Every structure is written in structure tokens, then in C-alpha cells.
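Visitor: Next up is a structure, given as C-alpha cells.
In the numbering used here, the protein residues as written are 576 to 775.
Below, the structure is given as C-alpha cells:
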């Protein structure tokens, strides 16, 4: 080792250590303690903090995903509840309540509509149907009517725009060979109603 303030020459390391032992021993001890603290406490804590930060990010991401799943589940639940309410309201307010209400709708109301549009009612046939795997039943009515083209057209339009639930299943127009003879209309309509077994 070179002397710091010497004019020339080397100073042995053992001499430097022995002369400055009082300072070097506490400094060496402090250095060893610092290295020990660094190795035993700071580095493991640093790794623990890093893994804690990673876990916190993963937990935050999992919380965000769980909140999104909860929002989706709530929206699905609310949508199903709204669909159930709408379906119940449709059953109560739009569909005829029973077979007699369905017959009043298809016979009485449509007969009055035919008369009001100058369409002549000739005959009708009714057939109720039970639908498999359904809480509804169907009432099908086939009419034979006659009238002028414009009257028949207005009558059909009125049926299509009724607030009641009436479905035109089939219609057929025919004319006789005579001039200016009224058209003959065969009209098949149906409506649905709650089956008696499901009425609450």
C-alpha cells in the first residue's frame, strides 16, 4: 500500500491496520452489520413488498372481473324479471282470459266488424286445439264471407290492426263467373288463451 503523505515508498497494510485499528474495527463491524441487515431484512422485505404489490394487482384485477360478472348477472336477472312481468301482462291484458272470451272475440267482435265493413257473414266453423308443452290453448275459426273488394280489403286491414290478439292464419278469395258478383272470402283466424289448468 502506498503511503498517503509519504514522500515515496510503500507502507505495509498490516501497519496501516494496526495503527488505525481503533477506527477500522468499529467501521468494519458497522459494515458487517449493515451487510447483515441488508441480507437478512431489507432484501427479503423488498421481495415481500414486490410480491405483495403483484398480489395486490392480481386482487384488484380479480375484484374488477368479479364486479363485471356481478353487473352481468344483475342485468340478466333484471332482464329475466322484466320479461316475466311483460309475459304476465301480455297474458292478463292482451290474450283472452278463457275459451268463452276467445269465442266472444272471434265470433261476436269479428261478426260486428264484418257488418260494419259491408262484408256479409255466411257461415263459420270453430275448433279449439290443445297445444303440447304449452300453457296456452288455441281457438281456430274459419269464416265464409262475401263482399266487394274494397270492403273485404278494409275488413282484413281492420283485423290486422286490432289491439286484440287475433292471427290471420289463412285467407282465400274467389269470385263467381258472374259480372259484378261479390267476392267470396274464406278466412281462417286464431287466438290463444290460457289453458284452464294454468289459470291462477
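A virtual CB, placed ideally from N, CA and C, is assigned to each residue, including glycine.
Predicted model only: the values in this text are computed from it and were never measured.
(1) For the beta strand (DSSP E) that contains residue 703, what are its first and last residues?
(2) Could you give the distance in angstroms between the alpha-carbon of residue 699 and the alpha-carbon of residue 743?
(3) Starting from residue 739, trace the beta strand (DSSP E) in both directions and tell me its first and last residue.
(4) For residue 681, tell me which candidate among 737, 661 and 607 has the shortest Cα-Cα distance.
(5) When DSSP builds the beta bridges, which residues end up paired with residue 722?
(6) Any idea if residue 716 is buried or exposed, counting beta-carbon neighbours within 10 angstroms, 16 or more meaning buried?
(7) Which of helix, strand or coil does DSSP assign to residue 753?
(8) Does the segment 762-771 come close enough to the segment 664-673 that 3 or more CB-CB pairs lie under 8 Å?
(9) Could you check where the alpha helix (DSSP H) with residue 680 kicks off and where it finishes?
(10) Is residue 689 near residue 720, with beta carbons less than 7 Å apart?
(11) Do you know how far the Cα of residue 617 is from the Cα of residue 611?
(12) Where does the unbroken alpha helix (DSSP H) through residue 667 begin, and where does it stop?
Guide: The relevant details are as follows:
(1) Segment 695-705, the beta strand (DSSP E) holding residue 703.
(2) Cα atoms of residue 699 and residue 743: separation of roughly 15 Å, rounded to the nearest angstrom.
(3) Unbroken run through residue 739: none, as it is neither H nor E.
(4) That would be 737, whose Cα lies nearest to the Cα of residue 681.
(5) The bridge partners DSSP lists for residue 722 are 758.
(6) Burial is judged here by how many other beta carbons sit within 10 angstroms of a residue's own beta carbon; residue 716 has at least 16 and is buried.
(7) Three-state result, residue 753: coil.
(8) With a cut-off of 8 Å, the segment 762-771 and the segment 664-673 count as touching, because enough Cβ pairs lie within range.
(9) That residue, residue 680, is in no alpha helix (DSSP H); it is neither H nor E in DSSP.
(10) Contact flag set, yes.
(11) Distance between the alpha carbons of residue 611 and residue 617: 9 Å.
(12) That residue, residue 667, is in no alpha helix (DSSP H); it is neither H nor E in DSSP.
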